[in-house]
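When you line the sequence shown up against the working numbering, it's residues 3 to 72, in that order. Ideal Cβ positions, reconstructed from N, Cα and C, are used throughout, including at glycine.
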Amino acid sequence: MSKIVTARVRADGTVVEILKDGTERRFTKRPMRPMTDDEVMAAALADPDAQPLTDEAIGRNAKAISAGQA
């Protein structure tokens with residue numbers, strides 16, 4: 003089961019979790035795994051929910067946005 007976390011970024015760039023009582027707790031700093039640009043791209047393309055938009059999809063989105071503003 004996943005946990006939903008409410009967070010915010012302070013003005014100084016610190017990310018904090020907002021607890022149920024309204025207090026804040028800093029997230030622990032976990033170093034990111036070093037990855038090359040190619041590894042980052044391969045990981046992104048492997049995620050079925052994060053695929054690049056096709057030219058056709060970009061066109062549909064642009065038309066929908068234009069129609070919504072009319």
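Residue i and residue j look like a contact to me (Cβ under 8 Å); what is the Cβ gap, rounded to whole Å?
{"i": "E19", "j": "T8", "result": "7 Å"}
{"i": "R28", "j": "L21", "result": "That belief does not hold up - the Cβ atoms of R28 and L21 are roughly 11 Å apart, past 8 Å."}
Do residue j and residue i have their beta-carbon atoms positioned less than 9 Å apart in this structure?
{"i": "L47", "j": "P36", "result": "no"}
Short of 8 Å in beta carbon distance, which residues of its chain neighbour residue i, apart from the five on each side in sequence? Order them along the chain.
{"i": "A72", "result": "Reliability of the predicted coordinates at A72 is poor, the pLDDT of 48 falling under 50, and no value is obtained from them."}
{"i": "A45", "result": "M37"}
Going by C-alpha to C-alpha distance, which of the options sits closest to residue i?
{"i": "V17", "options": "R32, R62, S4", "result": "R32"}
{"i": "T25", "options": "R10, D14, G15", "result": "R10"}
{"i": "A52", "options": "G61, V42, E58", "result": "V42"}
Excluding the 5 residues flanking residue i on each side, which residues of the same chain have their C-beta closer than 7 Å to its C-beta?
{"i": "A66", "result": "none"}
{"i": "P50", "result": "none"}
{"i": "R12", "result": "V18"}
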